[in-house]
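Using numbering that gives the first Met the number 0, the first residue of the sequence shown is number 0, and each one after it goes up by one.
Backbone N, C-alpha and C fix where the C-beta goes; we use that ideal spot for every residue, glycine too.
Bear in mind the structure is a predicted one, so any value in this text is a computation, not a measurement.
For reference, the structure is listed below as structure tokens.
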Amino acid sequence: MDNANFGQLVSFIFGIANDCLVDTYDVGDYRKIILPMMVIRRFDAVLEPTKENVRKLKEQLDANGITDQDEALCTAAGQAFCNSSPYTLSDLKSRTNQQQLKQDFILYLDGFSQNVQDIIKRFEFRNQIDKLSEHDILGILITKFTDPSINLSNRPVKDGSGKDLPALDNHTMGTVFEEVIRKFNEETNITDAGRHFTPRDIVELITDLAFVPVKDKIQSTTYSIYDGACGTGGMLTVADERIKVLAKEHSKNVSINLYGQENSDETYAIARSDMLVKGEGAQANNIFFGSTISNDGFAKRTFDFMLSNPPFGTPWKTDLKAWGDIKKDDITDSRFRINYNGGDFSLLPDIGDPQMLFLANNISKMKKDTVLGSRIVEVHNGSSLFTGKAGQGPSNLRQYILEQDLLEAIVAVPEKMFYNTGIGTYIWILANKKEERRKGKVQLIDATSFKKPLRKNLGEKNCEIDKSIRDQILNLYLAFDKADEQYSKVFQNSEFGYWEVRVYTPQYDENGQPLLDKKGKPVKPNTDKEIVPFTYDGGIEAFIENEVKPYAPDAFIKPGTEKIGYELSFTKYFYKPVELRSLEEITADIRAIEAETDGLLDSILEG
Numbered sequence: 000m001d002n003a004n005f006g007q008l009v010s011f012i013f014g015i016a017n018d019c020l021v022d023t024y025d026v027g028d029y030r031k032i033i034l035p036m037m038v039i040r041r042f043d044a045v046l047e048p049t050k051e052n053v054r055k056l057k058e059q060l061d062a063n064g065i066t067d068q069d070e071a072l073c074t075a076a077g078q079a080f081c082n083s084s085p086y087t088l089s090d091l092k093s094r095t096n097q098q099q100l101k102q103d104f105i106l107y108l109d110g111f112s113q114n115v116q117d118i119i120k121r122f123e124f125r126n127q128i129d130k131l132s133e134h135d136i137l138g139i140l141i142t143k144f145t146d147p148s149i150n151l152s153n154r155p156v157k158d159g160s161g162k163d164l165p166a167l168d169n170h171t172m173g174t175v176f177e178e179v180i181r182k183f184n185e186e187t188n189i190t191d192a193g194r195h196f197t198p199r200d201i202v203e204l205i206t207d208l209a210f211v212p213v214k215d216k217i218q219s220t221t222y223s224i225y226d227g228a229c230g231t232g233g234m235l236t237v238a239d240e241r242i243k244v245l246a247k248e249h250s251k252n253v254s255i256n257l258y259g260q261e262n263s264d265e266t267y268a269i270a271r272s273d274m275l276v277k278g279e280g281a282q283a284n285n286i287f288f289g290s291t292i293s294n295d296g297f298a299k300r301t302f303d304f305m306l307s308n309p310p311f312g313t314p315w316k317t318d319l320k321a322w323g324d325i326k327k328d329d330i331t332d333s334r335f336r337i338n339y340n341g342g343d344f345s346l347l348p349d350i351g352d353p354q355m356l357f358l359a360n361n362i363s364k365m366k367k368d369t370v371l372g373s374r375i376v377e378v379h380n381g382s383s384l385f386t387g388k389a390g391q392g393p394s395n396l397r398q399y400i401l402e403q404d405l406l407e408a409i410v411a412v413p414e415k416m417f418y419n420t421g422i423g424t425y426i427w428i429l430a431n432k433k434e435e436r437r438k439g440k441v442q443l444i445d446a447t448s449f450k451k452p453l454r455k456n457l458g459e460k461n462c463e464i465d466k467s468i469r470d471q472i473l474n475l476y477l478a479f480d481k482a483d484e485q486y487s488k489v490f491q492n493s494e495f496g497y498w499e500v501r502v503y504t505p506q507y508d509e510n511g512q513p514l515l516d517k518k519g520k521p522v523k524p525n526t527d528k529e530i531v532p533f534t535y536d537g538g539i540e541a542f543i544e545n546e547v548k549p550y551a552p553d554a555f556i557k558p559g560t561e562k563i564g565y566e567l568s569f570t571k572y573f574y575k576p577v578e579l580r581s582l583e584e585i586t587a588d589i590r591a592i593e594a595e596t597d598g599l600l601d602s603i604l605e606g
């Protein structure tokens, strides 16, 4: 389909909302009607050629008392889904009685196979039928979506004047669906949509960082891609396209299995719909509903690539309830509590922010026995870099990642890149089969100045990363230790580790004698905490000798009580002081102001 027809189709579908729903629905609710109707009409159009076959088979199955019919009927339909009702949507256009139309439409919906029923349920579309019927909208909607001037089927058809309309193949239908979703997200409830929808430019950067560095190692085989916070499935869709393009460029033929999990009803329905409208029947079954944190839909499964933009700053108290209303310290899930360095090691962050749980979840699903291993590319806000004291969950997770040499790079992207937040964000890139030059090292890339302004803000988003900027970031990543140090720096893993040490200082009276309490016993020493970087020459002992004892000669530590912590700081390595204006510039401005106001006081006084 050419761009003109594509745009015409998207505009037509998006315009149905303004034609049918205005004055009855709020703009932010248009999607509740248009998205499920678009999915239903696509399924309806695809199923039309085999409708009679399905009807006849259903009659036979009913006559023989067979109740589990989906598999046989879908086979007869030649699709991963089917509809066994007596009607098509076009059949319903002739209904003039609203009550009869409503009853027949419900019967039509009831005829869909269970995989489509699940989608309709998650869209909560049945809840809208009474309102659509009462306002005489249902028949108009059906007429609009079956308009002969557009073709939502996967075969060529003729319009009302006999003109040929090209087939809408599964891939293009998926793209149309995505574009309609994007327009709703951007033009209606953009802030809320940002919880579920990652801007396409960020998704493309994520997929490039996931696949381009290993494009020469991609083989003609099957790869799995997983998103534990998949939203509408956009990340999976783009990832699928990107790896196939790269494979083809290297004369490889890959088969891709997509997996995702989502706990929002509508976005889960959209993700599953997107898979089905693309003809990916089995893939649709790989989208799991529920919280990834408390209800892992893919326990004990591993994946080749894991890409995600998990929620951050959102409390995960509901997951504690799902686990049995337990306390955080009682969680035993092996994704978040591991045996490390000979003991129990908690990776659990604060209850107010779940993003590091998604990272820990992904790490637990890394493949160890393949040539590529696993690659993780995940979006985080700044708190994942430094929150948590030594020995606490976030610091422990950073410790595990760095000590296991899993972190390849972190890319700082510009502020105001996302629809629902203006804060700075960071893309973490992890791999358990690093190339030789990256082993034991971490690359930090400061791309905060790499942006192109948007002509119109989309929620909080006021800039984008176009292809040229994406290539610029990729080139920095690929250049590694040869990259421009203004934007890229490479460090040993140990650069980010430290010891938290308790320093004890005895107390003395004015005569220099040990200070005693009322019972005549020495008062407990004062205690302070010192942070000793792993990179400090000579370690803890040298630090105490050089940095503490010159000011507190009797200070001492208790060996074995130190705690290990890890944190990363972009500010430390990429700090750019604000440039002060020169005296000449200031003087020039003052003189310009003087010139502009020359005679102003005289005119006021004369007036």
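Span separating the alpha-carbon of residue i from that of residue j
i	j	result
residue 536	residue 323	49 Å
residue 242	residue 418	26 Å
residue 124	residue 132	13 Å
residue 192	residue 200	Residue confidence is low: residue 192 scores 46 on pLDDT, short of 50, so the model does not pin down where it sits. Its coordinate-derived value is still stated next. Cα-Cα distance, rounded: 16 Å.
residue 300	residue 363	9 Å
residue 425	residue 409	6 Å
residue 369	residue 544	48 Å
residue 257	residue 226	8 Å
residue 270	residue 487	36 Å
residue 561	residue 394	14 Å
residue 168	residue 107	24 Å
residue 249	residue 268	35 Å
residue 345	residue 391	7 Å
residue 303	residue 24	43 Å
residue 162	residue 7	16 Å
residue 568	residue 506	36 Å
residue 90	residue 351	52 Å
residue 468	residue 389	37 Å
residue 190	residue 458	Residue placement at residue 190 is poorly supported in this model, since its pLDDT is 48, which falls under 50; the coordinates still yield a value, given next. Residue 190 and residue 458: Cα-Cα distance of roughly 6 Å.
residue 521	residue 550	21 Å
residue 172	residue 229	20 Å
residue 524	residue 552	13 Å
residue 527	residue 502	5 Å
residue 326	residue 318	10 Å
residue 473	residue 341	39 Å
residue 48	residue 288	32 Å
residue 282	residue 42	16 Å
residue 28	residue 183	10 Å
Residue i vs residue j beta-carbon contact at 9 Å
i	j	result
residue 439	residue 403	no
residue 176	residue 38	yes
residue 147	residue 158	yes
residue 114	residue 284	yes
residue 618	residue 359	Since the displayed the chain opens at 0 and closes at 606, residue 618 lies outside it and no answer follows.
residue 379	residue 427	yes
residue 348	residue 309	no
residue 376	residue 579	no
residue 223	residue 255	yes
residue 398	residue 559	no
residue 447	residue 494	no
For residue i, the residue or residues it bridges with in DSSP
i	result
residue 521	515
residue 424	380 and 412
residue 501	528
residue 430	374
residue 452	462
residue 224	257 and 304
residue 445	411
residue 440	491
residue 82	111
residue 163	157
residue 496	565
residue 507	513
residue 406	429
residue 457	460
Cβ separation of residue i and residue j, assumed to be a contact under 8 Å, to the nearest whole Å
i	j	result
residue 104	residue 72	Not a contact, Cβ separation roughly 20 Å.
residue 122	residue 35	4 Å
residue 373	residue 305	7 Å
residue 231	residue 292	Wrong, their Cβ atoms sit about 20 Å apart, outside the cutoff.
Threshold first: 4 residues or longer. Then list the alpha helix (DSSP H) segments lying entirely within the stretch 523-568, N to C. Listed in chain order, the complete alpha helix (DSSP H) runs (minimum 4 residues) inside the stretch 523-568 are 538-542.
Tell me the start and end of each unbroken beta strand (DSSP E) in the stretch 335-377 that is at least 3 residues and wholly inside, in chain order. When DSSP assignments are scanned along the stretch 335-377, the uninterrupted stretches of beta strand (DSSP E) that are 3 or more residues long and fall wholly within it turn out to be 336-339 and 342-345.
What are the start and end residues of each continuous beta strand (DSSP E) run of 3 or more residues lying completely inside the stretch 249-334, in chain order? Correct list: 254-261, 286-288 and 304-307.
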